[in-house]
Amino acid sequence: MGVNVSDTFQEFYIQYAGPFWEENVPFELLDIADEENNIESYTLISRKEHGFPKQYLVLSEMSANAVLVLDTVMDKVYIVNFEGEDELLLKGKLKETWSSFFDFLNFNC
22 MGVNVSDTFQ
32 EFYIQYAGPF
42 WEENVPFELL
52 DIADEENNIE
62 SYTLISRKEH
72 GFPKQYLVLS
82 EMSANAVLVL
92 DTVMDKVYIV
102 NFEGEDELLL
112 KGKLKETWSS
122 FFDFLNFNC
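To convert a position in the sequence shown, counted from 1, into my numbering, add 21.
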């Protein structure tokens, strides 16, 4: 996908194959490339349809008009709805939900 990700992200996806579901977060985490719906396909759709820059990876299927997004440069995870928060994310004005992918995993696993 042309991005560098944290060691935690790499280790997680080397160890586990998705999709994943966790009760604490109402999203299904996608696999990187396996399965029909995956991080790669959802990220490409978001880049094309919503103008997401290269640094963002979409980690989940859409749930209640929202997705989980990883900022690969800052290693922050966001819950982003498409009722204005997507625009805030693109402007750098959306507050992250988790300060790192590691924090996201610790909260949810």
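Backbone N, C-alpha and C define an ideal beta-carbon position, used for all residues, glycine too.
Output the boundary residues of the beta strand (DSSP E) element that contains Lys69. Where Lys69 is concerned, there is no enclosing beta strand (DSSP E), although the alpha helix (DSSP H) it sits in stretches over Ile60 to His71.
I believe Asp92 touches Ser27 by the beta-carbon criterion, under 8 Å. Please report the beta-carbon distance rounded to the nearest angstrom. 11 Å between Cβ atoms; not a contact.
In three-state DSSP terms, what is Phe48? Secondary structure at Phe48: strand, using DSSP grouped into helix, strand and coil.
Same chain, Cβ closer than 7 Å to Glu111, five either side skipped, listed in chain order: The amino acid occupying residue 111 in the given sequence is Leu; Glu does not appear at that position. Within the same chain, Gly72 come within 7 Å of Leu111 by CB-CB distance, once the 5 residues on both sides are set aside.
Ranges of the beta strand (DSSP E) found wholly within the segment 83–112, counting only runs of at least 3: With a minimum length of 3 residues, the continuous beta strand (DSSP E) runs that stay inside the segment 83–112 are 87–92 and 97–102.
Rounded separation between Asp107 and Met22 - CA only: Rounded to the nearest whole angstrom, the CA to CA distance from Asp107 to Met22 is 20 Å.
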